[in-house]
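Read the structure below first, then the notes.
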Amino acid sequence: MVRIERSNAKIVWLDLYTVAQRHQLGLVEAIEAQIESWQSNSDFVSASVHQSLDGVRVFTYSQWQPNFDRHSLQPPVVLSEFFPPDSMQLEVSASKSIAAEVEIVVGERITHLAEFRMMPSNQPEMLRRTTAELDRAMSNSPGLISATFHRSLDGTRMFNYGQWESQEAFEAILKQAGFNPDRPYWEGLARNEFHLYHVVRAAVSNAHG
Numbered sequence: 001m002v003r004i005e006r007s008n009a010k011i012v013w014l015d016l017y018t019v020a021q022r023h024q025l026g027l028v029e030a031i032e033a034q035i036e037s038w039q040s041n042s043d044f045v046s047a048s049v050h051q052s053l054d055g056v057r058v059f060t061y062s063q064w065q066p067n068f069d070r071h072s073l074q075p076p077v078v079l080s081e082f083f084p085p086d087s088m089q090l091e092v093s094a095s096k097s098i099a100a101e102v103e104i105v106v107g108e109r110i111t112h113l114a115e116f117r118m119m120p121s122n123q124p125e126m127l128r129r130t131t132a133e134l135d136r137a138m139s140n141s142p143g144l145i146s147a148t149f150h151r152s153l154d155g156t157r158m159f160n161y162g163q164w165e166s167q168e169a170f171e172a173i174l175k176q177a178g179f180n181p182d183r184p185y186w187e188g189l190a191r192n193e194f195h196l197y198h199v200v201r202a203a204v205s206n207a208h209g
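Under the UniProt record's numbering, the sequence shown has 98 at position 98, and the numbering climbs by one with no breaks.
Written as structure tokens, this is what we have:
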């Protein structure tokens with residue numbers, strides 16, 4: 001079972017890919033081959049592959065042991081056929097869910113990945129606001145399964161990994177005050193872009209079952 005480690009006891013890496021629609025499946029297959037090679041790495045914990053509903057994006061959310069060295073990895077040759085990913089190390093800054101654990105599972109559940117870009121001086125206030133908004137979102141959004149905010153270590157970005165029962169449930173929150181793009185809670189602090197995904201692969205370390 002793949003779970004998001006919310007205590008930052010593990011290292012999180014996010015790899016964001018863009019791709020032409022006709023090549024999205026090929027990219028997913030190449031990433032799956034990469035993950036198979038990761039599974040024999042003693043520092044590997046888990047990874048999940050997310051395929052965007054619009055057909056032009058893929059991202060990988062992976063977790064590693066604290067002593068992991070990213071430079072030790074060798075990507076499969078086939079990945080060289082695609083644009084390299086936008087890769088960054090993240091830390092979980094706030095998380096709420098309807099269950100005790102945030103589980104990443106393959107299926108029709110909708111994953112919402114929101115990217116916030118900001119000046120590093122604005123990240124502390126974004127951390128405060130996103131933490132404050134979590135309770136309101138979970139209390140007023142039927143169909144919201146979990147929301148987990150992450151911060152980039154360089155201070156320039158934050159990501160919300162949200163899980164929803166359906167696309168309709170996600171679209172409903174965009175009509176709420178503070179989440180409506182016209183007057184959002186991040187106004188004046190960050191630029192936001194989000195996309196919707198399905199999880200198409202979830203894998204754990206061979207050593208972790």
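For glycine and all other residues, C-beta sits at the position ideal for the given N, C-alpha and C.
(message) Residues in the same chain with beta-carbon distance under 8 Å from Glu-88, minus the five sequence neighbours each way, listed in chain order, please.
(response) Here residue 88 is taken as the residue at index 88 of the sequence shown, counted from 1. Before going on, a small fix: residue 88 reads as Met here, not Glu. If we look at Met-88 and ignore the five residues flanking it on each side, its Cβ neighbours are Trp-13, Leu-14, Ser-152, Leu-153, Asp-154, Arg-157.
(message) For Arg-20 and Asp-54, I'd like the C-alpha separation in whole angstroms.
(response) Your numbering for residue 20 matches position 20 in the sequence shown. Your numbering for residue 54 matches position 54 in the sequence shown. A small correction: the amino acid at residue 20 is Ala; Arg does not occupy that position in the sequence shown. Cα to Cα, Ala-20 sits roughly 10 Å from Asp-54.
(message) For Gln-167 and Ala-94, what's the separation of their Cα atoms in angstroms?
(response) On the sequence shown, residue 167 is found 167 positions in, with the first residue counted as 1. On the sequence shown, residue 94 is found 94 positions in, with the first residue counted as 1. Each residue's alpha carbon lies about 23 Å from the other.
(request) With a threshold of 16 other CB atoms inside 10 Å of the CB of Ala-190, please say whether the residue is buried or exposed. (result) The residue you call residue 190 lines up with position 190 of the sequence shown. Classification for Ala-190: buried.
(request) Return yes when the Cβ of Glu-133 is within less than 8 Å of the Cβ of Tyr-185, no when it is not. (result) Counted from its first residue, the sequence shown places residue 185 at position 185. Counted from its first residue, the sequence shown places residue 133 at position 133. Closer than 8 Å, so yes.
(request) For Asn-8, collect the residues of the same chain with a Cβ closer than 8 Å to its Cβ; drop the 5 residues on either side in sequence, then sort them by chain order. (result) As a first step, residue 8 is located in the sequence shown; it is residue number 8 there, counting from the start. Same-chain partners within the cutoff: Glu-91, Val-92.
(request) Return the CA-CA distance between His-71 and Leu-113, expressed in angstroms with no decimal places. (result) As a working mapping, residue 71 is identified with position 71 in the sequence shown. As a working mapping, residue 113 is identified with position 113 in the sequence shown. Answer to the nearest angstrom: the Cα atoms are 26 Å apart.
(request) Starting from the C-beta of Gly-209, find all residues in its chain whose C-beta is less than 7 Å away, skip the five residues before and the five after it, and write them out in chain order. (result) Reading the sequence shown from its first residue, position 209 is the one you call residue 209. Bear in mind that the predicted position of Gly-209 carries a pLDDT of just 45, short of 50, making it unreliable; the figure below should be weighed with that in mind. Counting only Cβ-Cβ distances below 7 Å, and skipping sequence neighbours, we find nothing.
(message) Measuring straight from C-alpha to C-alpha, what distance separates Ala-177 and Ser-42?
(response) Counted from its first residue, the sequence shown places residue 177 at position 177. Counted from its first residue, the sequence shown places residue 42 at position 42. Roughly 46 Å between the two C-alpha positions.
(message) On a Cα-Cα basis, can you pick out the residue from Trp-38, Met-138, Gly-26, Ser-205 that is closest to Pro-75?
(response) For this step, residue 75 is matched to residue 75 along the sequence shown. Selected option, being the one with the closest Cα: Trp-38.
(message) Starting from Gly-162, trace the beta strand (DSSP E) in both directions and tell me its first and last residue.
(response) Reading the sequence shown from its first residue, position 162 is the one you call residue 162. Counting along the chain, the beta strand (DSSP E) containing Gly-162 begins and ends at 157-164.
(request) Confirm, please, whether the CB-CB distance from Leu-16 to Phe-59 is below 8 Å. (result) Locating residue 59 in the sequence shown gives position 59, counting from the first residue. Locating residue 16 in the sequence shown gives position 16, counting from the first residue. Yes.
(message) Bridge partners for residue 214 per DSSP, in chain order?
(response) The structure shown does not extend to residue 214, since the chain is modelled only from 1 through 209, so no value can be given for it.
(request) Determine the direct distance from the alpha carbon of Gly-188 to that of Glu-5, and round the result to whole angstroms. (result) Locating residue 5 in the sequence shown gives position 5, where the first residue counts as 1. Locating residue 188 in the sequence shown gives position 188, where the first residue counts as 1. If you take the alpha carbons of Glu-5 and Gly-188, they lie about 30 Å apart.
(request) Out of Arg-22, Ala-30, His-50, Glu-36, state which residue places its alpha-carbon closest to the alpha-carbon of His-195. (result) If you number the sequence shown from 1, residue 195 lands on position 195. The residue with the shortest Cα to Cα distance from His-195 is His-50.
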